[in-house]
Each structure stands twice: as structure tokens, then as C-alpha cells.
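**Q**
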Amino acid sequence: MKIYHIHRQQRLALSQQQAWAFFSSPHYLNQITPEFFHVDITSPVPDDIYPGLLIRYRMKAVLGVPMSWLSEVSHCDKPNRFVYQQAVGPFGFWSHEVCLRPCEDGIVLEDIVFYTMPFGWLGQLLHGFIGDKLQCIFDTRRDYLQAKWGVGGP
1 MKIYHIHRQQ RLALSQQQAW AFFSSPHYLN QITPEFFHVD ITSPVPDDIY PGLLIRYRMK
61 AVLGVPMSWL SEVSHCDKPN RFVYQQAVGP FGFWSHEVCL RPCEDGIVLE DIVFYTMPFG
121 WLGQLLHGFI GDKLQCIFDT RRDYLQAKWG VGGP
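Take 1 as the starting number for the sequence shown in the numbering used here and just add one per residue.
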């Protein structure tokens, strides 16, 4: 089984508290992702996330096909980092860590994603398409954040 990795860093002109309020809330997902990746949150989400929190979504991420996703906040160190992992969803495994570190002009946002494809060799074949979609999601996120709060390179 191949383990894939996405790593992104970006400097943003936000305080750590502002960044935490934005990034720890799933309610902003549709603002920072492309049109094809539409997310509906189908479970209640509290104002403050915590370890063990389960969040249920419906999304249309690939070719408009609706799918369910259940994520769990596995780690939460407010306002520095949180990790959410797929409990139920389309990947064999998915873990997304979001780190927020102060810097002289705001924060450094770091995304660290590890994932595996389902379906063995067929999933590996599909990864070319899925991997491109994931890169597009993170490119759209980067571009939106740069336009709104960007301050330069990492």
C-alpha cells in the first residue's frame, strides 16, 4: 500500500487566535475549496473543537458523485494545531494536521496530509486523477488565503 503525502506552508497576516477561529471551523470549507468540492456539514459542530469530536459531511468531490465523510478530531492543541482523521469516507486512510505558528508578520499555516487509496491496485490507478483533484483543492485554498491574508512566502 502506497502512502501519499501533501505538505503546504503559507504565511498569513492573521493573529494566531484569528487563524484558529477560521481554520478550526469546518463552516469555512466551501470558501477555501474549488466549486467541484462542495461540502455540506450534516452534524452539529460546537464553537470550539476538541479531541474526539466527530463531524459528519456530505460532499460532491469527484465528478459530482455525492459521498459521505465522517471525520474525527484526533488531536487538538488550541491555538497551535489540530488533526482530523477520516473515520468513514472514500480513502483507505486520511489524516490532515493543521499547524499555526506565530511569525513576525502573522502566522505560518502548515498543512500536513497523509493518505492512502482504497481498492488496492485499482486505487493506485485512480490516484493520478484523485491526486490531481487533491492538489487542485490545496492550490485553490492557497490562492484564496493569499488573496485575503497573504504576506509572502513561507
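Note that CB positions come from ideal geometry on N, CA and C, so glycine has one too.
1) Quick one, which of His-7, Met-1, Lys-2 has its alpha-carbon nearest Glu-97's?
2) Just confirm the distance between the C-beta atoms of Val-151 and Asp-111, as a whole number of angstroms; I'd bet it's less than 8 Å.
3) Applying the 10 Å Cβ sphere with the 16-neighbour rule, what's the burial state of Leu-54?
4) Tell me the residue span of the alpha helix (DSSP H) that contains Ile-107.
5) When burial is assigned at 16 or more other CB atoms within 10 Å of the CB, is Met-67 buried or exposed?
6) What span of residues does the alpha helix (DSSP H) with Asp-40 cover, start to end?
7) Determine, using beta carbons only, whether Pro-46 and Cys-76 come nearer to each other than 8 Å.
8) On the criterion of 16 or more Cβ atoms from any shown chain inside 10 Å, does Ser-43 qualify as buried, or is it exposed?
9) So, is His-147 buried or exposed, given that buried needs 16 or more other C-beta atoms within 10 angstroms?
10) Per DSSP, what kind of secondary structure is Ile-137 in: helix, strand or coil?
11) What is the DSSP secondary structure of Ile-3, counted as helix, strand or coil?
12) Tell me whether Leu-125 is buried or exposed, calling it buried when 16 or more other Cβ atoms sit within 10 Å of its Cβ.
13) Could you give the residue range of the beta strand (DSSP E) that holds Phe-93?
14) Mark Tyr-28 as exposed unless 16 or more other C-beta atoms lie within 10 angstroms of its C-beta, in which case mark it buried.
15) Starting from the Cα of Trp-20, find the closest Cα among Arg-101, Glu-72, Phe-36 and give me that residue.
**A** Let me lay it out:
1) Numbered from 1 along the sequence shown, position 97 holds the residue referred to as residue 97. Of the listed residues, the one whose Cα sits closest to Glu-97 is His-7.
2) The count along the sequence shown starts at 1 and reaches residue 151 at position 151. The count along the sequence shown starts at 1 and reaches residue 111 at position 111. The pair is not a contact, with the Cβ atoms about 17 Å apart (cut-off 8 Å).
3) For the purposes of this step, residue 54 is taken as the residue at position 54 of the sequence shown. With fewer than 16 Cβ atoms within 10 Å of its Cβ, Leu-54 is classed as exposed.
4) For the purposes of this step, residue 107 is taken as the residue at position 107 of the sequence shown. Bounds of any alpha helix (DSSP H) do not take in Ile-107; it lies within the beta strand (DSSP E) bounded by 106-116.
5) If you number the sequence shown from 1, residue 67 lands on position 67. Around the CB of Met-67, fewer than 16 other CB atoms lie within 10 Å, so the residue is classed as exposed.
6) Translated into the one-based positions of the sequence shown, residue 40 becomes position 40. Element bounds for Asp-40: not the alpha helix (DSSP H) but the beta strand (DSSP E), 38-41.
7) As a first step, residue 46 must be located in the sequence shown, where it is residue number 46. As a first step, residue 76 must be located in the sequence shown, where it is residue number 76. It is not a contact, given that the beta carbons lie outside the stated cut-off.
8) Position 43 of the sequence shown, counted from the first residue, corresponds to residue 43. Counting Cβ neighbours within 10 Å, Ser-43 comes out exposed, since fewer than 16 surround it.
9) Your numbering for residue 147 matches position 147 in the sequence shown. Before going further, note that residue 147 is Ala rather than His in the sequence given. Its Cβ having fewer than 16 others within 10 Å, Ala-147 is exposed.
10) Residue numbering aside, residue 137 sits at position 137 when the sequence shown is read from its first letter. Here Ile-137 sits in helix by DSSP.
11) For the purposes of this step, residue 3 is taken as residue 3 along the sequence shown, with counting starting at 1. Ile-3 falls in the coil class under three-state DSSP.
12) Position 125 of the sequence shown, counting from 1, holds the residue named residue 125. Exposed: under 16 other Cβ atoms inside 10 Å.
13) Working through the sequence shown from its first residue, we reach residue 93 at position 93. Note, Phe-93: beta strand (DSSP E), 93-103.
14) By one-based count along the sequence shown, residue 28 stands at place 28. Under this definition Tyr-28 is an exposed residue.
15) Mapped onto the sequence shown, residue 20 falls at position 20. Ranking Arg-101, Glu-72, Phe-36 by CA distance to the CA of Trp-20 puts Arg-101 first.
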